[in-house]
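Peer 1: Residue numbers (this note's numbering): 1 to 360. Take this structure, written in structure tokens, and hold onto it; I'll ask about it next.
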Amino acid sequence: MCSVSPAMMIDKIPFGNLTVDQIPEIIKKVKSEGSQEKIYTEQILPAQGRVVLKSVGVINPESIDEYIASRGYLALKKAIENGPQWVINELKKSELRGRGGAGFPTGRKWEFTAKAPGPQKYLICNADEGEPGTFKDRVIMEGDPHSIIEGMIIAAFATGCNNGYIYIRGEYDLSIRRIEKAIEDARSHGFLGRNILGSGFPFDIEIHKGAGSYVVGEETTLMESIEGHRGEPRKKPPYPPTFGLLGKPTVINNVETLANVPPIITNGADWYRTIGVPESYGTKLFSLSGDVNWKGVIEAPFGTRLSYIVNELGGGVRNGKKLRGVIFGGVSGTLLTPDQFDIPVDFNSLVTIEAGPGSG
């Protein structure tokens with residue numbers, strides 16, 4: 001809701017871009033008609049070379065047929081045809097790095113779990129998104145849920161996981177409903193279940209609703225929550241790829257990371273490496289809010305300068321004011337000052353100013 005402030009929420013339905021005069025009328029309408037309608041839609045700001053957001057706002061997110069018509073589940077079919085090791089090799093070649101903040105190479109993480117012994121392994125999609133001011137994952141879940149489901153199935157196939165969880169922030173009511181429908185439709189089309197596309201590979205997904213705790217965004221705390229325990233971090237090592245949920249090897253990726261997987265598998269690692277800069281290939285989603293003219297979610301290639309993101313994609317500071325600071329990577333991220341605004345946004349450049357991409 002930070003992108004549409006001032007805002008309020010009634011019965012989990014958000015109302016944004018409010019003025020004082022609008023509030024009595026909205027309350028009157030809710031009392032008489034109920035809060036069934038989503039009053040605002042998240043704004044997707046002008047993007048450069050969409051990868052993750054290519055279908056958001058283009059297809060009906062509740063229609064699996066429209067997703068399939070836009071080359072959806074083509075990546076899954078290609079993955080099954082080529083085998084698990086091919087998928088891991090392609091991810092490693094693409095150099096996709098996790099979008100949850102740490103930037104660990106996704107292909108390597110998958111390989112650790114794939115090589116871990118034992119018949120039972122788990123896959124978790126971290127969709128808790130508890131960082132204040134961050135709303136990019138919600139946009140994907142509400143606008144293109146099947147891209148996440150397809151990414152999860154491919155990850156499970158590559159790593160040998162038969163059970164998956166998607167841990168969604170409890171306040172994200174519409175996200176939960178969209179993901180629930182996507183899972184149901186994927187099952188009915190043979191993309192989930194005991195024999196996916198006749199390959200003999202079994203995998204299914206269960207939704208786990210978060211209870212609003214900030215700390216469960218940390219991967220080991222999230223696993224404790226799924227297991228029914230109090231949400232507290234575990235000591236590391238051991239790490240989840242070898243000792244995770246219920247003591248079994250576990251792959252944990254966030255929404256944005258998994259949504260990158262289908263386009264990489266469909267178009268190839270070489271295509272993906274044409275976007276972004278070395279060691280930071282692909283695009284990054286940013287939740288842009290605050291005192292700027294255009295608030296919302298943007299997608300820009302790694303290497304794009306922060307000043308361009310704010311001044312061009314965000315339309316600059318409102319009322320012609322001077323930009324004095326940017327909180328980068330969520331409120332627990334780094335406060336950047338004017339002398340740092342021209343830095344390229346990529347993993348290596350951000351390290352030089354003791355910053356990181358954070359939660360977006």
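Beta carbons are placed, not taken as given, at the ideal position from N, Cα and C, and that holds for glycine. Bear in mind that the values here come from a model prediction, so they are computed numbers and not experimental data.
Under 8 Å: do the region 251-270 and the region 70-78 share three or more Cβ pairs, one atom per stretch?
Peer 2: Counting Cβ pairs under 8 Å, three or more are found: they touch.
Peer 1: Go ahead and pull the three-state DSSP assignment for A102.
Peer 2: It is coil, neither helix nor strand.
Peer 1: Answer yes or no: do R99 and N254 have a C-beta to C-beta separation smaller than 8 Å?
Peer 2: Going by C-beta atoms, R99 is nearer than 8 Å to N254.
Peer 1: What separation, rounded to the nearest whole angstrom, lies between the Cα atoms of R273 and I26?
Peer 2: Near 48 Å, if we compare the C-alpha coordinates of I26 and R273.
Peer 1: Please report the distance separating the alpha-carbon of E218 from that of P233.
Peer 2: About 7 Å.
Peer 1: By Cβ distance, which residues of its chain are closer than 6 Å to S55, with the 5 residues on each side in sequence left out?
Peer 2: Hits under 6 Å: S70 and D144.
Peer 1: Closer than 8 Å is the cut-off here; do at least three beta carbon pairs connect the region 178-196 with the region 225-232?
Peer 2: Short answer: they don't touch.
Peer 1: Please classify L350 as buried or exposed, where buried requires at least 16 neighbouring CB atoms within 10 angstroms.
Peer 2: It is buried - the Cβ of L350 has at least 16 other Cβ atoms within 10 Å.
Peer 1: Using only CA atoms, which one of G210, G296, L96 and P6 lies nearest to G276?
Peer 2: Ranking G210, G296, L96 and P6 by Cα distance to G276 puts L96 first.
Peer 1: Which residue's Cα is closest to the Cα of N293: V87, V317, G282 and Y308?
Peer 2: Comparing Cα positions, the closest option is V317.
Peer 1: May I have the straight-line CA-CA distance separating Y308 from V261, to the nearest angstrom?
Peer 2: Their backbone Cα atoms lie some 27 Å apart in a straight line.
Peer 1: What residue from R194, E142, P301 and K109 has the CA that sits closest to I124's CA?
Peer 2: It is K109 whose Cα lies nearest to the Cα of I124.
Peer 1: Give the DSSP-derived three-state secondary structure of V364 in the structure shown.
Peer 2: Outside the displayed span of the chain (1 to 360) sits residue 364, for which this structure offers no information.
Peer 1: So, is G72 buried or exposed, given that buried needs 16 or more other C-beta atoms within 10 angstroms?
Peer 2: G72 should be labelled buried.
Peer 1: So, is P249 buried or exposed, given that buried needs 16 or more other C-beta atoms within 10 angstroms?
Peer 2: Buried is the call here.
Peer 1: Spatial neighbours of V30 within its chain, please: C-beta separation below 6 Å, excluding the five flanking residues on both sides.
Peer 2: Answer for V30: I10, listed in chain order.
Peer 1: Using DSSP bridges, identify the partner residues of G193.
Peer 2: Note: G193 sits in a beta bridge opposite F203.
Peer 1: Take P202 and list the residues in its own chain whose beta-carbon comes closer than 6 Å to its own, dropping the five residues that flank it on each side.
Peer 2: Excluding positions up to five away in sequence, the list reads N162 and R194.
Peer 1: With DSSP as the reference, label A116 as helix, strand or coil.
Peer 2: It is coil, neither helix nor strand.
Peer 1: Output the distance between the C-alpha atoms of R177 and G330, rounded to the nearest integer angstrom.
Peer 2: For R177 and G330, the distance between alpha carbons rounds to 26 Å.
Peer 1: Using a Cβ-Cβ cutoff of less than 7 Å, which residues in the same chain neighbour T337 once the five nearest sequence positions on both sides are dropped?
Peer 2: Cβ within range, chain order: G325.
Peer 1: Alpha carbon to alpha carbon, what distance is there between F15 and I39?
Peer 2: For I39, the pLDDT reaches just 39, beneath the cut-off of 50, and the residue's location in the model is therefore unreliable, leaving the point undetermined.
Peer 1: With a 10 Å radius around its C-beta and 16 neighbouring C-beta atoms as the bar for buried, classify T220 as buried or exposed.
Peer 2: The residue in question, T220, is buried, as its Cβ has 16 or more Cβ neighbours within 10 Å.
Peer 1: If we ignore side chains and look at the alpha-carbon of each, how far apart do E37 and I207 end up?
Peer 2: Residue placement at E37 is poorly supported in this model, since its pLDDT is 44, which falls under 50; the coordinates still yield a value, given next. C-alpha separation (whole angstroms): 24 Å.
Peer 1: Between which residues of its own chain and I305 is the CB-CB distance below 6 Å, once the five residues before and five after are set aside?
Peer 2: Per the sequence presented here, residue 305 reads as Arg, with Ile not at that position. For R305, where only same-chain residues beyond five positions count, the Cβ hits under 6 Å are D342 and P344.
Peer 1: So, is D21 buried or exposed, given that buried needs 16 or more other C-beta atoms within 10 angstroms?
Peer 2: D21 should be labelled exposed.
Peer 1: With DSSP as the reference, label R108 as helix, strand or coil.
Peer 2: The answer is helix: DSSP assigns R108 an H, G or I state.
Peer 1: In this structure, how does DSSP classify G247 when only helix, strand and coil are distinguished?
Peer 2: G247 falls in the helix class under three-state DSSP.
Peer 1: For A300, does the three-state DSSP call read helix, strand or coil?
Peer 2: In this structure, A300 counts as strand in the three-state DSSP scheme.
Peer 1: Using C-beta distances below 8 Å, list every residue in its chain close to P278, excluding the 5 sequence neighbours before and after it, in chain order.
Peer 2: Counting only Cβ-Cβ distances below 8 Å, and skipping sequence neighbours, we find nothing.
Peer 1: Can you tell me the Cα-Cα spacing of K209 and A259, whole angstroms?
Peer 2: Computed Cα separation, rounded: 20 Å.
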